[in-house]
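To start, the structure itself, in structure tokens.
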Amino acid sequence: MIEQHILENTIGVFKNYKTLAEKSFAQLSSDADYHYAPDAESNSIAVIIKHMSGNMISRWTDFLTTDGEKPTRDRDGEFVDGTESKEQLLAVWNTGYEVFFNTLNSLTTIDLMKTVTIRGEGLTVMQALTRQTAHYSYHVGQIVFLAKHIKNLNWISLSIPKNKSNDHLMGSYLDNLK
Numbered sequence: 452m453i454e455q456h457i458l459e460n461t462i463g464v465f466k467n468y469k470t471l472a473e474k475s476f477a478q479l480s481s482d483a484d485y486h487y488a489p490d491a492e493s494n495s496i497a498v499i500i501k502h503m504s505g506n507m508i509s510r511w512t513d514f515l516t517t518d519g520e521k522p523t524r525d526r527d528g529e530f531v532d533g534t535e536s537k538e539q540l541l542a543v544w545n546t547g548y549e550v551f552f553n554t555l556n557s558l559t560t561i562d563l564m565k566t567v568t569i570r571g572e573g574l575t576v577m578q579a580l581t582r583q584t585a586h587y588s589y590h591v592g593q594i595v596f597l598a599k600h601i602k603n604l605n606w607i608s609l610s611i612p613k614n615k616s617n618d619h620l621m622g623s624y625l626d627n628l629k
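Below is the structure:
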């Protein structure tokens with residue numbers, strides 16, 4: 452019973468983070484926005500998209516039976532900014548998430564304690580899920596931060612806007628009275 456809750460909750464968390472990133476993408480105006488990096492050591496949203504997708508395809512293809520770091524993955528290439536259009540980048544994003552969610556949705560409660568391998572390290576499926584939750588949420592946070600930076604004063608908050616906490620609390624309170 453708790454195992455089913457863990458699987459369902461984990462899938463829900465991943466869907467929420469995917470949505471946060473996509474709400475950030477929706478606010479970007481141009482292909483150049485996706486390729487903006489604040490400095491030479493920072494990654495652009497385009498790079499983060501390519502990295503996350505590459506990770507998802509590598510980790511979640513044959514997840515239960517092969518090492519999560521596939522020999523065909525070009526991890527270093529994921530970190531090279533190119534000239535991809537928004538449409539091309541969203542296709543890369545969606546391909547990674549399709550592989551990822553297909554595998555996630557195929558897992559059963561019995562799978563949670565099975566051992567998988569990532570870069571030669573044995574982990575339970577539960578540990579691998581926790582690891583990827585941290586990894587993907589970290590990168591989604593970067594995407595949101597960069598998009599907010601790019602949009603500046605035109606950013607539409609994805610949560611409670613600055614200095615609007617009391618409005619949110621009052622609104623929630625009034626909604627609950629109805």
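Under our numbering, the letters of the sequence shown match residues 452 to 629, in that order.
The beta carbon of each residue, even a glycine, is placed where N, CA and C say it ideally should be.
From a predicted model like this one, the values you see are computed outputs, not experimental measurements.
Through-space distance from residue j to residue i, alpha-carbon basis
i       : j       : result
Asp-562 : Leu-458 : 10 Å
Tyr-587 : Asn-506 : 10 Å
Tyr-624 : Ser-616 : Reliability fails at Tyr-624, whose pLDDT of 47 lies under 50, so the model's placement of it is uncertain and no value is given.
Ile-496 : Trp-606 : 16 Å
Glu-492 : Gln-593 : 14 Å
Glu-572 : Leu-580 : 14 Å
Ala-542 : Arg-570 : 27 Å
Tyr-589 : Asp-513 : 24 Å
Ala-472 : Asn-460 : 19 Å
Ser-610 : Thr-546 : 27 Å
Tyr-468 : Leu-604 : 23 Å
Met-452 : Met-577 : 15 Å
Gly-463 : Phe-476 : 20 Å
Span of the beta strand (DSSP E) around residue i
i       : result
Gly-573 : 572-575
Thr-568 : 566-569
Residue i: first and last residue of the uninterrupted alpha helix (DSSP H) it sits in
i       : result
Val-464 : 453-476
Asp-482 : 482-486
Ala-491 : Ala-491 -> no alpha helix (DSSP H), and no H or E assigned at all.
Ile-561 : No alpha helix (DSSP H) holds Ile-561; DSSP gives it neither H nor E.
Gly-519 : No alpha helix (DSSP H) holds Gly-519; DSSP gives it neither H nor E.
Asn-506 : 496-511
For residue i, the three-state DSSP class (helix, strand or coil)
i       : result
Asp-527 : helix
Glu-535 : coil
Lys-615 : coil
Ser-610 : coil
Thr-581 : helix
Leu-479 : coil
Tyr-624 : Residue placement at Tyr-624 cannot be trusted, given a pLDDT of 47 that sits under 50; what the coordinates show is reported in the next sentence. The answer is helix: DSSP assigns Tyr-624 an H, G or I state.
Expected contact under 8 Å - CB spacing of residue i and residue j to nearest Å
i       : j       : result
Thr-566 : Leu-574 : 7 Å
Gln-478 : Lys-602 : 5 Å
Glu-454 : Thr-584 : The Cβ separation is near 16 Å, so there is no contact.
Interface flag, residue i vs chain C, CB-CB below 8 Å
i       : result
Gly-573 : Protein chain content of the structure displayed is limited to a single chain, and chain C is not contained in it.
Under 8 Å, with one C-beta from each stretch per pair, do the stretch 533-547 and the stretch 493-510 reach the 3-pair mark?
yes
Cβ contact check for the stretch 541-561 and the stretch 518-526: 3 or more pairs under 8 Å:
Contact between the stretch 541-561 and the stretch 518-526 is absent, with fewer than three C-beta pairs closer than 8 Å.
Evaluate the contact criterion for the stretch 473-485 versus the stretch 578-598: three or more CB pairs, one atom per stretch, below 8 Å.
yes
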